[in-house]
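To start, the structure under review is shown below, and the notes come after it.
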Amino acid sequence: MQFELKVTDDKSSARAGLITTDHGQIETPIFMPVGTAGTVKAVHIHELSTEIQAQIILGNTYHLYLRPGLDVLEKAGGLHKFNNWSGPILTDSGGYQVYSLSNRRKIKEEGVTFQSHIDGSKHHFTPEGVMDIQRKIGADFIMAFDECTPYPCDYKYAKRSMHMTHRWLERCCTHFDKTEPLYGYEQTLIPIVQGSTYDDLRKESAETIASFDRPANAIGGLSVGEPAPEMYHVTNLVCEILPKEKPRYLMGVGTPVNLLECISLGIDMFDCVLPTRNARHGLLYTSEGIINIKNAKWKDCFDPIDENSNSRTSREHSKAYLHHLVRCGEALGAMIASLHNLSFFLWLVKEARKHIIAGDFAEWKSKMVVQLDKRL
RNA sequence: GGGAGUGCGCCGGAGUUGGAGAGCCGGGGCAGACUGUAAAUCUGUUGCUUCACGCUGAAUAGGUUCGAAUCCUAUCACUCCCA
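159 is the number of the first residue of the first sequence in this note's numbering; add one for each residue after it.
Rendered as structure tokens:
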């Protein structure tokens with residue numbers, strides 16, 4: 159992987175860059191649609207590249223390991239061939255499931271034992287094992303195995319957990335470096351900063367992670383329920399320590415406003431389930447503000463879903479039609495809404511990039527954050 | 001025209017056959033939540049009110065009774081049977 163920093167903003171820490179992988183290039187800042195189980199829920203692969211203009215998507219180690227399973231993915235020749243996505247893929251390591259499935263797992267120094275949410279069977283995930291799994295899935299970017307701590311998290315636990323995540327990173331790197339990609343293209347390991355909401359821990363973690371000198375760095379353990387100002391504070395703190403010349407990935411973030419604020423702090427990559435999950439639940443992000451398309455007020459609004467959208471679907475279908483589809487629980491409702499939200503998120507980061515390059519990012523951002531938060 | 005049966009809250013169902021219904025389950029309606037996806041999920045609410053009180057309420061109108069959704073009479077509506 160290569161990262162080229164194109165432009166750095168004068169008035170903020172925002173930057174525009176270009177990542178090059180064996181599966182193509184990624185213009186940063188970028189939003190990466192989440193495709194946990196090898197699919198961005200309710201979205202066709204070809205729509206991801208055409209209407210949404212996604213440049214990279216995610217997969218998840220824990221979920222893909224359970225289903226379809228590594229034997230199938232290996233036989234397929236990796237996830238790219240399995241789901242027919244030809245661009246770059248990033249897989250999360252299962253570190254988030256340590257948090258989200260906390261009632262069905264046990265953490266030890268050696269690793270984490272999960273009780274499958276599907277059939278109750280037990281599965282042991284170690285840093286080494288997780289590297290092997292992600293080699294087999296065949297993602298371009300693979301995440302280090304970490305513990306995503308909850309919020310709030312007491313200091314003592316946060317510190318202990320962070321140090322374990324650091325030791326796990328050591329093991330991830332060692333194992334990763336002595337193994338090879340299975341499918342003939344490069345894979346890049348990304349380490350993850352932890353430390354909850356404690357400044358000293360975050361500083362220590364950021365310095366430790368930077369010292370591993372990997373091609374890109376990630377910030378984890380945020381967007382787990384902490385107030386937004388806290389998220390920005392920690393992100394800022396960590397961005398000041400992580401090297402400028404490498405991509406910074408803020409995991410699990412966030413809302414459109416979160417994206418702009420964190421781009422401003424120096425983040426290059428984002429992923430979040432909000433655009434797809436909220437789409438399925440009827441919440442739309444538009445250039446005018448936020449819409450709950452299920453609300454009765456849209457039943458006879460025949461205006462386009464978003465006339466400024468990059469997506470033809472969002473320009474040509476009316477709010478009333480989408481309102482009808484979502485209310486009826488029609489699959490097409492989830493599809494159109496997901497397509498819309500993702501194309502909006504991709505439009506937003508593309509605009510941000512344009513304005514960083516044009517040199518008026520700060521002004522544009524302060525106008526946008528007001529508009530994006532409006533409830534229509 | 002005659003006979004039988006059934007009627008409650010937005011809809012359907014359960015339940016109550018003389019002893020305190022604003023009460024249960026679905027659905028629908030009205031809202032809300034969701035941040036590296038156990039989520040096409042979950043939560044609240046759905047007679048009126050000055051909202052922890054109080055009021056009205058079992059098709060409609062009467063009656064019996066200490067007490068009626070329950071028993072009686074009439075009317076209305078619906079379903080079925082006979083002509």
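Each residue gets a CB set at the ideal place from its N, CA and C atoms; glycine is no exception.
Could you check where the alpha helix (DSSP H) with residue i kicks off and where it finishes?
i: VAL396; result: 386 to 397
i: THR434; result: 432 to 438
i: LYS525; result: 519 to 530
i: GLN292; result: 285 to 295
i: ARG511; result: 489 to 516
i: VAL415; result: 414 to 422
i: LYS477; result: 477 to 485
i: LEU206; result: 203 to 207
Hey, could you find the ends of the beta strand (DSSP E) residue i is sitting in?
i: GLN468; result: The sequence as given places Asn at residue 468; Gln does not occur at that position. Where ASN468 is concerned, there is no enclosing beta strand (DSSP E), given that its DSSP letter is neither H nor E.
i: ILE247; result: 247 to 250
i: GLN183; result: 182 to 186
i: ALA368; result: Not the beta strand (DSSP E): ALA368 falls in the alpha helix (DSSP H), residues 357 to 369.
i: PRO173; result: For the sequence presented, residue 173 should be read as Arg rather than Pro. Looking at the DSSP string, the run of the beta strand (DSSP E) that includes ARG173 is 173 to 179.
i: TYR219; result: It should be pointed out that residue 219 corresponds to Thr in this sequence rather than to Tyr. That residue, THR219, is in no beta strand (DSSP E); its alpha helix (DSSP H) goes 219 to 224.
i: ILE448; result: 448 to 450
i: ALA374; result: Per DSSP, ALA374 belongs to no beta strand (DSSP E) and is neither H nor E.
i: PHE460; result: Neither: PHE460 is in no beta strand (DSSP E) and is coded neither H nor E.
i: GLN160; result: 160 to 166
i: LEU534; result: Note, LEU534: premise wrong, no beta strand (DSSP E); not H, not E.
i: LEU400; result: First-last for LEU400: undefined, no H or E at that position.
i: LEU380; result: Unbroken run through LEU380: none, as it is neither H nor E.
Enumerate in chain order the residues of its own chain whose CB-to-CB distance from residue i is below 8 Å, with the five nearest sequence positions on each side excluded.
i: THR434; result: PRO191, VAL192, VAL198, LYS199, ALA200, VAL201, SER496, ASN499 and LEU500
i: VAL382; result: TYR257, CYS306, THR307, PRO308, TYR309 and GLY410
i: LYS280; result: THR271, PHE272, GLN273 and SER274
i: GLY447; result: GLN529, LEU530, ASP531, LYS532, ARG533 and LEU534
i: LYS264; result: VAL270 and THR271
i: LEU231; result: LEU222, LEU237, PHE240, LYS294, ILE295 and GLY296
i: ASP168; result: GLY517
i: SER260; result: PRO308
Which residues in the same chain as residue i place their Cβ atom closer than 6 Å to its Cβ, once the five residues preceding and following it in sequence are excluded?
i: LEU530; result: PRO414 and VAL415
i: HIS513; result: PHE519 and TRP522
i: THR346; result: MET159, PHE299 and PRO373
i: TYR254; result: CYS306
i: ALA492; result: ALA200 and ARG438
i: ILE348; result: PHE299, MET301, ALA374 and ALA376
i: LEU216; result: MET190, VAL192, GLY193, LEU248 and ASP429
i: LYS402; result: none
i: LYS508; result: none
Near residue i, what residues of its chain come up, given a Cβ to Cβ distance below 7 Å and the 5 sequence neighbours on each side ignored?
i: LYS457; result: ALA478 and HIS481
i: MET322; result: GLU267 and GLU305
i: ILE399; result: LYS361, ALA364, GLU365 and ALA368
i: ILE203; result: ASN241, ASN242 and TRP243
i: ARG329; result: PRO285 and GLU286
i: GLU384; result: TYR309 and THR355
i: SER170; result: SER422, PHE519 and ALA520
i: GLU185; result: LEU176, GLN213 and ARG511
i: MET320; result: GLN352, GLY353, LEU359 and SER363
i: CYS331; result: LEU347 and PHE370
i: LEU228; result: ILE291 and LYS294
Quick test of your reading: residue i and residue j, contact by CB under 8 Å. State the CB separation rounded to the nearest angstrom.
i: ALA172; j: ILE377; result: Not really, about 16 Å apart at Cβ, beyond 8 Å.
i: ASN375; j: ALA386; result: About 22 Å; that fails the 8 Å criterion.
i: ILE214; j: PRO246; result: 4 Å
i: PHE189; j: LEU417; result: 7 Å
i: ILE295; j: LEU237; result: 5 Å
i: ALA535; j: SER251; result: Any answer about residue 535 is impossible in this case: the structure gives the chain only from 159 up to 534.
i: HIS475; j: ILE449; result: Between ILE449 and HIS475 the Cβ distance is about 13 Å, and since that is not below 8 Å, they are no contact.
i: GLY379; j: GLY353; result: 7 Å
i: ILE451; j: VAL484; result: 6 Å
i: ILE425; j: LYS164; result: Going by Cβ atoms, the distance from ILE425 to LYS164 rounds to 16 Å, so no, they are not a contact pair.
i: PHE502; j: SER467; result: 7 Å
Within 10 Å of its beta-carbon, does residue i have 16 or more other beta-carbons around it, so buried, or fewer, so exposed?
i: GLY487; result: exposed
i: SER524; result: exposed
i: LYS404; result: buried
i: LYS317; result: buried
i: THR337; result: exposed
i: PHE334; result: buried
i: PHE460; result: exposed
i: ILE276; result: exposed
i: ARG293; result: buried
i: GLY175; result: buried
i: TYR407; result: buried
i: ALA212; result: buried
i: ALA489; result: exposed
i: THR444; result: buried
i: HIS324; result: buried
i: GLU205; result: buried
- Segments assigned alpha helix (DSSP H), at least 4 residues, entirely inside the stretch 298 to 347: At a cut-off of 4 residues, the continuous stretches assigned as alpha helix (DSSP H) that sit fully inside the stretch 298 to 347 are 313 to 335.
- Which ranges would you report for the alpha helix (DSSP H) in the stretch 234 to 283 if only whole runs of at least 4 residues count? Counting only runs of 4 or more, we get 237 to 241 and 253 to 258.
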